[in-house]
Structures are given as C-alpha cells and as structure tokens.
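Input: a single structure, listed below in structure tokens.
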Amino acid sequence: MIVFAPIACNIALMNWDDLRFFLAAVRGGTFSAAASELGVNRTTVARRITQLERRLGQPLFTHQHNQYELSSFGGALYRQASRLEKELLSLEESLGLEEERLAGELRIAAPLGLGPEFISELSQFSRDYPQVRWELLNTVDPVAALNQRKADVAIAVSNTCPPHIRGHFLGEMQRAVYASKRYLKRLPAETPLAGHHWIGWGSDLAESQAAKWIARELPEDVYKPAQVNSWNAILAAVKSGLGVAHLWCFLADDDRQLTAIRPPDPELSMGLWLMRPANIPASARVKAFINTLRPLLKQRLDQR
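Position one of the sequence shown corresponds to residue 1180 (my numbering), numbered consecutively onward.
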C-alpha cells in the first residue's frame, strides 16, 4: 500500500514517460503491479523510478514498515502528474489521437464462471481492435479486482454502483428456477419447491442473493445433492439432471435442455454493469472496450 502526503512541486519540464511509470507504481501499490499494468518487468519499473528521482533530486518513496510510502514530494508529484495525465488524455481525444494508442493489454474482471458467457461480445471487440490483447479474470468480486488494480475494467453483477467506481448500467438480469427435461421425468414441474432437489451455493457465495433465498424460503432439510461456487458449475449441474436452481433467464432460455418451472422472481433480479475506477482516467483501450461492449450487452439483455 502507498500512502500520500501533501506538498507543492512543479513538473512542467519533466519526461512524461517517466511519470507514466510513477503513476502506475502509485496506483498499483507495488512495483510488481505497475510492471503488470505496463507490460514490463519489475526491474524496469524500479529503474525508471530511480531515474526520475535522480532527475528531480528528491526521493519519491520511503521504505517503512516493510512497505513503500510516498514521500511528501512524491505525494505532490502524484497529484500534479494525475492532473497532467487528464489534460493529455483530453488533448489526445480532441485531436483524434486516441486511436493510435489502441494497442497493448487489457485486464477484464468478470463474475466467477459468468465471464465465458460473454466471449462472443469479447470476440467482436478483438475483431474491432486486433492490437489489444485482453485477459479475462474470473473472480468472485469484480469490483474488488478493480479496487486492487488487478483489472482495468469489469463486467459486474450488482444492484448498485459504488461511489468510487464509474459504472455503465446495461440492464436488468432476471432469474427463475430451471430444471432439465431429464430431471422433470422424475419430478414434475408442479412439485412444491420444497420437494425439489436443489443445487446449493458453496461458502464462497453464501452471501449471494440466490443463496440467501434458499436459506430463507426453503426448509433446512430440503434435499441438496451438491453445492457449487460458480455459474458454469451450477448450470452444468442443472443440465445434468442433478437438481434445480435459479439461473439467469437471458442465458437459460436459449438452452433447449432447460425449462423454467417457475416465473422469474423480481426479488432476485440484478443489474449488469460495465465498471472502471473513477479516480483513474480511462485509457483509450478501456474507452474502446466500453464503447464496444455496452451496446452489444444491452442488446443481448433487451432481447429477453
């Protein structure tokens, strides 16, 4: 973790590329995180920071309690460099120069197991911007991945957008109880919900809406043949005939092996979002990603 301290400094005549490494180090929290963001190794980041310190004649970081902290001078440099970054990005956008920077790596966080369902939209992004190489990070909490600088942008499922996040709302995702046709040969759809075999959620997702619904609405002794911790696992379990579960309607309705045995439950609806950190100017890659995925995902949800 890097801690800030205020002081004034002038950076008008500095090398912007060195500042770019400095900003990545502060935002990533470590030189290793900055190296991952910039596509270089940790040694390169450390060398560029040292080079900047020598040019300025001031230390930018201090090493205390087994972590690097921003010096007073470094804190002032960060604030002014951040303002300069915003001005440069605005200038590039006004001059139409952003397209020239549409290359490099992009880290995309997505809900555990749900990310692969959006591969078709991600493939369209690759066709539009072939020089951008993306990495899909499946995680329990995409917002946490943004906070920890593990991802540049996120596809997130949430009913709200945190104040420190810039969110683009795509639409509501409905959920209903689904079963496979094989399963319904053993237990008909009209069987009371408590009489069905339920696929449960594992401990990682015990606080999810669907898991809380099961705990609240079904008796404790309801039969649960298995518990899983991802969308693709629960989908596979339902399709195999193991039991029933709440599935996303916009995905399950297209599967001929599945049948909704109850109408969608409004209580379990969730919003789908594209999110990015609000305190970091969006790169050309992030802007291109959002501008491409936003209409594609909205259209997909609107079809349901």
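Beta carbons are placed, not taken as given, at the ideal position from N, Cα and C, and that holds for glycine.
- Burial check for ALA1282: the Cβ neighbour count within 10 Å stays below 16, so the residue is exposed.
- Counting other Cβ atoms within 10 Å of its Cβ, LYS1360 stays below 16 and is therefore classed as exposed.
- Contact annotation: the region 1302-1309 does not touch the region 1327-1347, with fewer than three C-beta pairs closer than 8 Å.
- DSSP places PRO1341 in no beta strand (DSSP E); its state is neither H nor E.
- Taking the C-beta atoms as reference points, ALA1288 is found no nearer than 9 Å to LEU1239.
- Under the 8 Å Cβ criterion, the region 1360-1377 does not count as touching the region 1453-1462, having fewer than three qualifying pairs.
- Here the region 1394-1411 makes contact with the region 1288-1304; the two share three or more CB pairs at distances below 8 Å.
- Taking 3 residues as the minimum length, the beta strand (DSSP E) runs contained wholly in the region 1379-1446 are 1405-1407, 1424-1427, 1437-1439, in order along the chain.
- Inside the region 1353-1381, DSSP marks whole beta strand (DSSP E) runs of 3 or more residues at positions 1354-1359, 1378-1380, from first to last along the chain.
- Within the region 1268-1333, the runs of alpha helix (DSSP H) at least 4 residues long that lie entirely inside it are, in chain order, 1298-1307, 1321-1326.
- Pairing PHE1348 with TRP1427 gives a Cβ-Cβ distance that is not under 9 Å.
- Shown here, THR1229 sits in a helix according to DSSP, grouped into three states.
- Taking a contact to require three or more Cβ pairs closer than 8 Å, the region 1388-1407 and the region 1418-1433 qualify as touching.
- Cα atoms of ARG1227 and GLU1300: separation of roughly 37 Å, rounded to the nearest angstrom.
- The shortest C-alpha to C-alpha distance from LEU1263 to any of GLN1237, ASN1194, ASP1320 is the one to ASN1194.
- Here the alpha carbon of GLY1379 sits roughly 24 Å from the alpha carbon of VAL1322.
- Here LYS1364 is exposed, its C-beta having fewer than 16 other C-beta atoms within 10 Å.
- Excluding residues up to 5 positions away in sequence, GLU1300, GLN1303 lie with their Cβ nearer than 7 Å to the Cβ of LEU1475 in the same chain.
- Take the alpha-carbon of VAL1319 and the one of SER1382: they are about 11 Å apart.
- Rounded to whole angstroms, GLN1230 and LEU1198 show a C-alpha spacing of 11 Å.
- LYS1466 and GLN1478 have their C-alpha atoms some 19 Å from each other.
- Per DSSP, reduced to three states, the secondary structure at ALA1335 is strand.
- Between ARG1286 and ASP1331, the gap from beta carbon to beta carbon is short of 9 Å.
- With distances taken between CA atoms, GLU1296 lies nearest to LEU1315 out of LEU1315, GLU1284, VAL1311.
- Around the beta carbon of ARG1312, a 10 Å sphere encloses fewer than 16 other beta carbons of the protein chains shown; the residue is thus reported as exposed.
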